[in-house]
Structures are given as C-alpha cells and as structure tokens.
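In order, the protein sequences belong to chains A, B, C and D.
Here the first sequence is numbered in my numbering, starting from 109 and rising by one per residue.
Here the second sequence is numbered in my numbering, starting from 109 and rising by one per residue.
Here the third sequence is numbered in my numbering, starting from 97 and rising by one per residue.
Here the fourth sequence is numbered in my numbering, starting from 97 and rising by one per residue.
The beta carbon of each residue, even a glycine, is placed where N, CA and C say it ideally should be.
Here's the structure we're looking at; comments come further down.
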Amino acid sequence: MRFQLSGDQRALRDGVREVLARRFGPRELRAAADRPPALDRALWRALGDAGFFALRLPESEGGVGLGLPEAVLAFEEAGRVLLPGPLIATHLAAGRVPGAATGEAVVTAVDGGRVEWLTEADVVEGGGGRGVAGSGAVALRSVDPLTPLHRLPAAPAVSAGPEAVPDPVAVLLTAAEQLGGATRACELAVQHARTREQFGQPIGGFQAVKHLCAELLVRVEVARAAVYGAAVTADPADIATARLLADEAAVRGARDCLQVYGGMGFTWEAEVHLVLKRAWCAPDVPGAARRVRSCWRASCCPERVAGASACTDGRRPGGVSMIVASTDHTA
Amino acid sequence: MRFQLSGDQRALRDGVREVLARRFGPRELRAAADRPPALDRALWRALGDAGFFALRLPESEGGVGLGLPEAVLAFEEAGRVLLPGPLIATHLAAGRVPGAATGEAVVTAVDGGRVEWLTEADVVEGGGGRGVAGSGAVALRSVDPLTPLHRLPAAPAVSAGPEAVPDPVAVLLTAAEQLGGATRACELAVQHARTREQFGQPIGGFQAVKHLCAELLVRVEVARAAVYGAAVTADPADIATARLLADEAAVRGARDCLQVYGGMGFTWEAEVHLVLKRAWCAPDVPGAARRVRSCWRASCCPERVAGASACTDGRRPGGVSMIVASTDHTA
Amino acid sequence: MDLADSAEEAGFRARLREWLGKALPTLPPRPSPADWPGRRAYDLGWQRMLYDAGYGHVHWDAPPGVRLVFLEETEKAGAPYVGANFVGLLHAGPTVAAEGTQAQRARWLPPILRGEEVWCQGFSEPGAGSDLAALRTRAWRDGDHYVVTGSKIWTSHAEVADWCELLVRTDPEAPRHHGITWLALPMDTPGITVRPLRTLAGSTEFAEVFLDEVRVPADHRVGEENDGWRVTMVTLSFERGTAFAGEVVACRRVLGELAQEARHNGRWDDPALRRRLGRLNAEFRALWRLAQWNVSAAEASGGVPGLAGSVFKLRYAQARQDLYDTAADVLGDAALDLDRPWVLDRLTSLSYTIAAGTSQIQRNIVGERILGLPKGR
Amino acid sequence: MDLADSAEEAGFRARLREWLGKALPTLPPRPSPADWPGRRAYDLGWQRMLYDAGYGHVHWDAPPGVRLVFLEETEKAGAPYVGANFVGLLHAGPTVAAEGTQAQRARWLPPILRGEEVWCQGFSEPGAGSDLAALRTRAWRDGDHYVVTGSKIWTSHAEVADWCELLVRTDPEAPRHHGITWLALPMDTPGITVRPLRTLAGSTEFAEVFLDEVRVPADHRVGEENDGWRVTMVTLSFERGTAFAGEVVACRRVLGELAQEARHNGRWDDPALRRRLGRLNAEFRALWRLAQWNVSAAEASGGVPGLAGSVFKLRYAQARQDLYDTAADVLGDAALDLDRPWVLDRLTSLSYTIAAGTSQIQRNIVGERILGLPKGR
C-alpha cells in the first residue's frame, strides 16, 4: 500500500494547477461572474492541448493514456478554481465525439431533467429523444452565474419510474470537482481568518472561528481520502461514498466559509458565494438520499458488489487495473 | 396575553422547588444512585402531602384543583432534581386509584412493552391482560440506576399494528420532566464552566465552552416556551411540539454538559450521567419520528386540529378552559 | 400563564383586521425590487395609511403585546413589510425618542410616523463589523458643526434616505467605547457618496457610504459628545428584540406551501422529507411561543426588549436557513432556478446568521450576559 | 496512489492470517471485565503469544503499513485487544526507545515486548486535564532519588501495573512547560495508594493514584531533568496517530450487525433509519481510507505519526458516537437494557470526544498547527 500521490501524480496536479492559475485565476473568475455566461473557447482549447479531456484516452487513440486517479486530480483542480463549462461531459466524450479530446468541441450532456451550457455546446448527448436541440428546452435563471441551465419540459416526474443509473465515472469526477470546491472554501476561510482583524486580533484567534476552520479541514481531508480511494478502486460503493462526502464537504464548507467571512462574504465581489452556488449546482445534489442507499447496498449486499465492473469506463471493459497501473505519464 | 408565570404559579414552583431541595438534593441523588433502586416511601407521602399527586384533582374530590400549567411547573421541578419514581402514573391515577392522591399508593403503568418501578409499585395500570403482575414481566438491567425497568414478553413487534395513542397529558408531563432535566444540565454546565480552571482561566472563558453553554440555554428556553404553551392550550400539536423539543433539549443538553465537564463528567460521582440516562429513559424516546408526524398532522390537517379535545384530561371532558382559568391556589 | 388576548389586544386585533380587510385592496401595485424610488414611495405610503388609521405608532411605543398582534395580523393578511421605514421606526426613532431633546423629537419623530422621511443606518464600517466599537469614521468639531470623514457599509436604503443615523469617533484618544458620538446626518449634505453594494443574491440591498469632510450641525447630535456608545446600545436592543417575530408567521405560511408543493411534485412520498417538514413545523410553533414569552416578559419589565432577543435570534436564524434548505429539497433541480419561489429567499436566508450580530457574537452575549460566563482572555 | 499491499505487506498479511487461524482457538476464555488480575494475565499472555510468533514488535517499530495490516487482520479475526499492554506498547515503550539510555532500554523494553510487565500512565491530574502542563505533582531531588508527592487521575490498569510513566514537576519556578520531568515509577514503591474510579458505565476502568513521598531512583528518569514536556510530546504523537484505526474495522462490523438486527425487529422498514445506516457506512469507509492515507503519509515521512491524527480522531470520535446513537434507534426500548449488545458500548463511546485530547483541544491543534491560525488572546 502506498496511498499517497506518486511523483508523477504530483507533477500532473501541479501542472494542471499552474495552467489554471495562469488562465483562470480569481480575477478571471470575478470577471466571468460579472458578464453573461459564455465559454472561453481559447481556454477550452488550451485545456485540450494540456490533455485535460484526453487524459484517460489510450495513447493508441491519441490520448494521454492515464487513469481515473489522474483524472480525479485534474478535476479536483478544476473544481478548486471553479472552472466553468461542461468539463465532465466533454471529458467523457473524448475519443467518441470528434474534437472533444482536443478541446475543439464543447460537449454537454442531458442529466435527468436538465442540461448545462446548452447554448454554448457543439454537441448534446443523452436526452432520450426529448428534443433537446429543438425548441423544447427552456432556459432557467440559474442560481450560479457560471452554470447556465436549461430545463427539459418532458422530464419525468420525480418519483415516477425506476432510477436512472448515472455513469459512475461522471459521479466520481463530480465528487472530485466538489472536493476541489471544498478545498477552495477551506483555503478562503483560513486566509480570511488569518488576516481579518476584529477586537484587536485576527479573527482566526477566536475559537468560534478557529474551530469552524478546523471542521472545514476535517471534512476536506475525509472527503479527499474517500475520493482518491474511489479513484483507485473504482468500486461503486466507494464512488457513492466519495460523492456523498465530497458534496457535504463542498456545501457545508462553503456555508462555513461564508460564516467566517461575515458580511464581506455576503457581497457579490467576494468569491465565496460562487463556491457555494457551484456546489449546489453539481448534478443531482438533492439525490443524496439515493446515493446513501447505494453506499449501503453495494457494500452490504454481496450480489451488488459483484457488479463493480459496471463502474469502469464503458469504453474499456475491465479497465480498472489498467487505470490503477498507468501512472507513468504527466500531462 | 400574559404568557409569564403568575404570582401564584411562581409561588407554587418555588414551593415545590423548596420541598424537593430539602428532601432530594444532590446528596440524596448520589446516595440513591449508589444503592439498588428503592422508592423512598416517606418522600412519596411527603409529595402527596404537598399536593403533588392531587394537583389537578378538583377540590370537591379532595384535590388542589389546579390545572395543567401548574402540573407542568411541578413536574419540571421534579425533572430538575431527577426525582425517581413513577410520578406521572401516580399523578394520573389520583382520584381513581385509592391512595394515589395522597402518596400512600405507588402507581405505575405499562407503557408499550415496558413498565418502570414494577416491583415497588402497589398498583400497575394498563398492559391489556399481558400478565404484568404474574410471572411474565422480565427485569432488565436498566441503563439508569434510578429507573428500574421490566420488559413485557408479549410486547407487540415494533412495526406491527396501528400506533397506540399515548395519553396526551402523560406526554406533556414527560416533556415537563425533560425540560427540568435540560435545565439541570444547563445549570451544571454553566456552574462547571464558571469554576473549573484550565490554561489559567475558567474554561467558560473559552468560546468553545461558552458557546456550548449558550446553545444549551437556547435549547432550554425554546423548549420551555413550547412546554408552557402546550400546558396553556392543551392542543395536541402543541404537546407533540413540546415533547419533541424537550427531548432534544434534555438529551443534547446532557451530552453537551458532559462535554463541558470533560473527564470529570465521565465519573459516576458527577451527576451528569444521571441526567443523560434519565433523559434516555423517558418513555418512547425512540418514538420521536412518530411525534414529528403528529406535530405535522395536527397542525396542517384541519380535521385533526378539531380533535384537540382528545388531549384534555380524560376525566374532565372540555376541561381545557377550566385548567387555564384555575390558577388561584398554591400547593 | 395566559395566551389569550387581553381586552386591549382583542379590541386592537379586531379593529386592525377589519381595517386591513378594507385598506389592503386599495394599495397600489408593489414596485419591483430594483426600483428604489418606487419602493421608497410605496413604503412611505403604507406608513402614511397606518398613521392616518391610527396605527402609525405601533412599532414605536405600543405595548409589546399589541405590537405582536400587529405583526401577526399584518403578516397573516399579507400587508407590506416595514421596508424603508425600518431604521426610522425601529432604530433611529426610538433612539431619538429616548435620548433626544424636546426640539429633536419635534423635528424628527413626526415625519417618521407620518411616512414622510426615510432614515438609514451608518454604523458598520469595513473594519468594524462584529467589532462595532472599532469604528474609525472621524468627526472634528468646527464651530457649530462636526466635520466627518470616513466610510460606512451595509447601509440599506441609503440611495433614497433623507437622514442617516451616524456613529462617528470624536475622541480617538479615549478608550474605544468612550470616544463615539451619535449624529443625525442629512443625506443631501455635500461630500456624501453612495455606492450600491451588490449582494450574493445579485441585488443591491445595501450600499457603502463615503463621507468626505461632511459638515453636520452640532445640534444634530443626540446625547452627549463621546456618549454615543451608550446611546447606540439603546437602539440595538430594539433590533434584537421582537424584530423577527412577524417573520415566524411568514415562515409557517411558507412551510404549508412547501408541503403542498411536495404533495404536488411527488416528494411527499419520502418519509424523511415529511419528517423534516414536521420538525420545522414544531420549530416555528415553538419560536412563536418564545416570541410570545419574550414579549410578555418585556411587557412585565416596562417594555424594553431584553437579552432574550439574542436567544430568539440565534434559534430563528438557524431555523430560517433550515427552512429554505428544506425548500431546496422539495424543489429538487428547480432549486437552481432563481425564478422559482423560495430560491431567492434561500440566498437571503444566508445573511440571518451574520446580519444584526453574527451567531458567534450572539453566543458570546448569551454566554456572558445571560449565563455570566467570563469574557476570557 | 496504490491501495494494494506491498510485497512485504502481502506476505505479512498471509502469515498473520494463517497464524491467527491457529492461535486464536488456543486462547483461554476471556476474563470478566471486573477481574483485573485475570485481565492482566490474559493480556500479557496474548502479548507473549505474539512475541513468540514474531509479532511482539508490531505496535512498536513495524512500518506503519504493516501495523495497519496487523490492526485490520487481528480485528477481523476477533483477536484480543492490546488491553493492559496499551501504555507499555504504545506510550511508555516508544518513549523509552526514543529517549532512554542504553541501560534503560535494556531494562524496560524486553519485558514489555515479551508480555511480562504492565505499564500505566501517570500524566493527568484533577487540576490538569486538557491543560496537561498545569500538572502539580512535585518531585524533589534527595541524593540519588526523587521524592514525589501529588496525585494522578484517569490511570488505566493502575491496580495491576508494574510501572507507571510519571510526569512530575521538578522546577515550580520555571515556565510551565520547562519544569517537568519524566520518571518510571515502580508501582510497588511505598507511598502509593490506588483508588479505583467508577465511570458512568458503572465499571472501574480507571483509577486515581495518590503519591505520598514516594522515592524514585534518579536513574529511572528518562531524558533530562525539566525536559519531560518534550519527552512527553513524543509519546502523545503516538496516541493520536493510528491508535484508533483498528476500531474502524470493528465499527464496520457493528454496522453490519445493526442492519441485521433492524431487519429482524422490523425497524428496517423505516427508510430514514436505513439512510442513517448507509450514511454511517460511507463514514466508516471514508475513515478507513483516511487511516490508510495517514499511514502512507507516515511511512513516507519516516514512520512518525503526524498531526493528521488529530483530524482522524475528531471525525472518528463523532462517527463512533453516531454509530451507537443509531444502535439505540435500532434497539428501541431495548437500548435501556445494559444486558443487550451495544448499550454499554454506547456509554463508553461518550468518552471518545473527551479522552486523549477533547475534541475542543483537537480543533485547536488542527486550527493552529495545521492551518496556522493564531493562538488568540
């Protein structure tokens, strides 16, 4: 067991972090939140050039040939800077939809009754003939200025029918993004607590604030272990666990960060609200109850655990061991 | 509206408090917890003499002729000193079971699948022919040294059959006892936080401890308003609300008190554990979910609100207004 | 203990209910949230209607029990909120009434009650939030004027206010709490710049107010020079008193609507959601009782809201946030649509554990001033 | 990132599993919890078996990954807990190994590893709990002895211990952390009184130890005089490291049993309970991953458990209490019967947010030493 980042993984993470810091820092984030949502195509192509979308595509198909752990690290960094766009859908389409791997095409996907980034996307996947591209989809006024959303009018009622099983890789990558958001919330809270002074000292000196920050970190670290673990095993119960804890870490983390910020966090200028809104916007956040069920089922019912292969990337049956083993490259 | 204790009510509460402080102070509590559970018959008769059991019995029947608000105040005081014994069952039996009103008889009642103080009781009510007095009841090793319990072997399965509707007055008086327990937890925590020093100051000076104490008080005050309000209206939804919030205030209050006490709270000598165990032992603490349902039903379904009269004392149909009005006596 | 109306309360309730039934249909349409002049006019017009009908004073000096009846009945009837009159009726007005001179009361109070002038609050500063006594906006005496320079933040209605209740530091050498003075600042004085502040809800409910050598007549000072902290505390106790009681009534209405929506969209089938709604119902029932309890206590002690307001606010802030988080559960994906009901309210609910004293500050108040715990190093 | 066993770990796991399969059936019956001499003999016997089979050192100086395999496999196989050997193997032993002289290591370490001597801990005092540096037990130098007077509390196994790792104040004039010395005290020295301490669970897991002019040879001092605080910190980092990792395995087993019981008694029909069990399952899965992560990090940094132990303990303590509260929900009224499974465990779980550093202290450590927040006034 060596459950730590390898040197290559650390280099990959640092590389992604460096690219994102250069192309989508706090200034770009604020600017993006102040204008109507539009994808930065140049940035999208830069991500493509950096191998972000083709990360798990085999080298024989022109990809980087890395695995789920590396993808999780990359998506965590994307979540950390609140990078906008249908990143997961485009990543999953790499190798199947022309241009997705290179960042020339923007691919979004129907998720239950909604689609994000519909008007900016070149390709829309899924939707089961519900006429996404036609006139059926209705734009809604999204709570997150960086996640434009459309609603599908013919969406099935909430409680009707059997549950659709989401792609486990998409669930895991969403967990990675949420982990990144939680990390950002923790970083912001701690930085504010260190520098903001009230009553003659940094507010982080007060236990009421210090302990909020400590719990923020605890939630991040537990979620991180769960997300990384799920990336290694690709086990469905591990993935469900990862998503559950990452959602909690992101949503509660952003709330606690806002509390640490006080009034300043209530302004549009402070980026705290963007962290919270993004966490709320992750697909199917209200579906937490369902995920709890799957944590339980998969781990307690042996017949479900046998279904673990359902969790590997559909394009590569039996790909888990390949994913775990292929850590020899960096982006 | 004058939703404060009247002068008479304050006098009654102080009177009960004074009797209990004299007869069952912290020393007597500790002594009782150190020996096998046995009822202090002299104390029981003293309570009878003070009108504790006959409080709501009409004067024409030899009672004190007071109402639910006064009973709630008295039971809150009993809960506050963790007075042991089947107080509620005996109180409810006053006027019906000979000797109950005067404290000469100890009356207990079957509650679901269990009976408290079975071997000490003179009379056992309820049980639906499940042979309580016979050989059927099995003593269990009660978690609370001051609440001996027997289990009825033929108790119905948890999920089977329609729910039995508990006597609303018993529910309310239990809430009053829990409120008293919560108050005790708050008092103990605050006193310890004021006097225990670590790192050169009373630990109550640290926000981590101070804020625990503040939340203890908040839960107590919200529960108190709910319990007193339910005593005035005798409305079933108010009673369900009162019980729910009083249970929370007592159980979480005792837990937080234990945290404030630290290691000292983990000893048998400190009385904190007795507060927690008593709170756990209130009838049907696990039934909280059911009570939440009844909060909701009674308030949101008008047809249920109409059933409010079901909540008044069975012996005195339409007695709510009498109860509200009869505040002219003290014990 | 009695929850029934007193004769006075019952009479007041009956008259008010009857009047609301007649008056509300005559109200003009509500202005859009972004239309500040429209909101000012609407809110002042409503206060004028109240005044003409004999209710103008209710927030002001009615017995607490009567005021609670007012909050309950207006909320149930869907009457307008106090809105732009908030500071005048609930902060500045009571302060002037308690601490002002005869001339000051005569000048400032009637226009507030008649719905003619709007006040805003200039207390907080970027560097003085929870630690209000850290405020640094300076005022120098220059003849019969104070000259004020500094900046204020979180000032609601600044764009349309006639007056600002302003805290300034007149003695920077004195201990923090002893060099502060309370001034009434006319908002049309030269040197004032108002910059609207966009909140996370996307709207501009607040403003920053920049003061550059603004001259305030010395007779606009309420209380003594350097005694402003004590004067201020009078005001704050009102804010933390029964200010939120009416909202509990509104929350109970929202809860009923949530149950309806859940039945409609199928989520009612989830027993955990039903239980959560039931738990909230108990919560708001109990909070209403606590409001009644606190109001009765205030009545018994001469009408001044006590520290119990902090207990109430701590619990209510949490309950309100729980309510709107539960609303998001009921809505599912629709909780991401700002055009759906409750979604914007969910965003604004985030301020409840922060504004008017953070929950951390309130716990300090409860711990130190109610429970008597030491301040700590 | 790799969760598969290394070759060393895989080999160790296979050998251990095989040995456990043979060894455990040969164990004598477990003594009753109140039988202290019996528990001592049982725990020492188990350590002797481990030693003879080549596992005696595992808690001690095996690589962290191997130690985690040991904790996992022994827990899964239902092997005995470290018990009375806890302080020797996990506190005093590592301290002596790190800070003792050659002679001290030769005297004290082999009997610990061979299961011959039991150690107990004399750190906390009635007035020094969270604030350990407030300890007041005094020691004066008298020739080649220290003379110790004072009292200690929360001392497990004191009744049956051979040695006590003792912190005493040798310089009351020095700053708090600079006047403390670490001594090894033979428990049969005259002047020692052990008073068992009854816990809220009704048992006597701890004792108070009263010391009245107890003479300790000066060569029983580990580290320099007045340097005991630093020596102590070495020990505590072990306590907060992976000490609880094995319990996560046990908690997952309990969770499975709870689900079975719930199916049996009908409470499984409540979807909220099922969800709560599922939530806990995720919690303990994640905690196990966190243990693996921390162990790997320790391995990478040379085997010393870091501050991450505080993160783990904070979350685990809460999870364990949640687990047993959920057990009470599953049991219903039976949760009041001490003879039912989990009921006593629920009581002892109450200590998890208190013992070995309260959660409040752990949050200070995380906030100050990991996040770099200031100490505050």
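Distance between A:E377 and A:P134 (C-alpha atoms, nearest Å)
11 Å
Residue range of the beta strand (DSSP E) that includes D:Y242
H241 to K248
Less than 8 Å between the CB atoms is what I'm expecting for C:E195 and C:V330, so what's the real figure, rounded?
6 Å
Helix, strand or coil for C:V350? Go by DSSP, reduced to three states.
helix
As a quick exercise: from B:T210, B:V251, B:V368 and B:A342, pick the residue whose alpha carbon is nearest that of B:T303.
B:V368
C-alpha gap between A:H300 and A:A182, whole angstroms
About 26 Å.
Please report the residue range of the beta strand (DSSP E) in which B:L525 lies.
With chain B covering 109 to 439 only, the question about residue 525 of chain B has no answer from this structure.
Between the region 351-375 of chain B and chain D, which residues of the former have CB atoms less than 7 Å from a CB of the latter, in chain order?
L366, Q367, G370, G371, F374 and T375
Would you say C:L410 and C:V344 are within 8 Å of each other, going by their C-beta atoms?
no
What does A:A342 reach in chain D if we use C-beta pairs closer than 8 Å?
Simply none; closest approach about 11 Å.
Residue burial classification, D:A270 (beta-carbon count within 10 angstroms, cutoff 16)
exposed
Per-residue burial, D:L469 [other beta carbons within 10 Å of its own, 16 or more giving buried]:
buried
Let me know the secondary structure DSSP gives C:F302 once reduced to three states.
strand
At 3 residues or longer, what runs of the beta strand (DSSP E) sit wholly inside the region 344-414 of chain D?
none
Starting from C:E261, trace the beta strand (DSSP E) in both directions and tell me its first and last residue.
W259 to R265
Tell me the DSSP secondary structure of A:V482 in three-state form.
Shown here, chain A extends from 109 to 439; a query on residue 482 of chain A therefore has no answer.
Near-chain D residues of the region 342-376 of chain C - C-beta to any C-beta below 9 Å:
D366, P367, A368 and R371
Count the other C-beta atoms from every protein chain shown that fall within 10 angstroms of the C-beta of D:E261, then say buried if there are 16 or more, exposed otherwise.
So D:E261 ends up on the buried side.
Proximity winner among A:G175, A:L382 and A:A390, relative to A:D142 (alpha-carbon distances):
A:L382
Using the C-alpha atoms, what's the distance from D:G174 back to D:T251?
26 Å
Spell out whether any CB of chain D is found under 8 Å from the CB atom of A:C321.
Yes, contact with chain D.
What does D:E105 touch in chain A if you count any residue whose Cβ is under 9 Å from its own?
Neighbours of D:E105 on chain A, chain order: M109.
Does the Cβ of A:E169 have 16 or more other Cβ atoms within 10 Å, making it buried, or fewer, making it exposed?
Under this definition A:E169 is an exposed residue.
Candidates B:C389, B:L280 and B:V246, of which the one nearest B:T349 by Cα
B:L280
Any residues in the region 312-336 of chain B with a beta carbon nearer than 8 Å to a beta carbon of chain A? Which ones, in chain order?
Hits within the stretch, in order: F314, Q315, A316 and H319.
Cα-Cα separation, D:D148 to D:R210
8 Å
Would you give the residue range spanned by the alpha helix (DSSP H) that A:E285 belongs to?
P276 to T303
Please classify B:E167: is it buried, with 16 or more other beta-carbons within 10 angstroms of its beta-carbon, or exposed?
Exposed is the call here.
Check the DSSP bridge columns for B:V232 and list the partner residues they point to.
B:T216
Under 8 Å, Cβ to Cβ, is there at least one residue of chain B near D:S447?
Interface residue, yes.
Buried or exposed, going by whether 16 or more other CB atoms sit within 10 Å of the CB of D:E169?
buried
Between which two residues does the alpha helix (DSSP H) carrying C:G107 extend?
A103 to A119
Could you check which residue in A:E184, A:G156 and A:G312 has the C-alpha nearest to that of A:A290?
A:E184
Kindly identify the DSSP beta-bridge partner or partners of A:R118.
BP columns for A:R118 are empty, so no partner.
Does the Cβ of B:T227 have 16 or more other Cβ atoms within 10 Å, making it buried, or fewer, making it exposed?
exposed
Any contact between the region 240-259 of chain D and the region 301-318 of chain D? By contact I mean 3 or more CB pairs, one from each, below 8 Å.
Contact holds: three or more Cβ-Cβ distances are below 8 Å.
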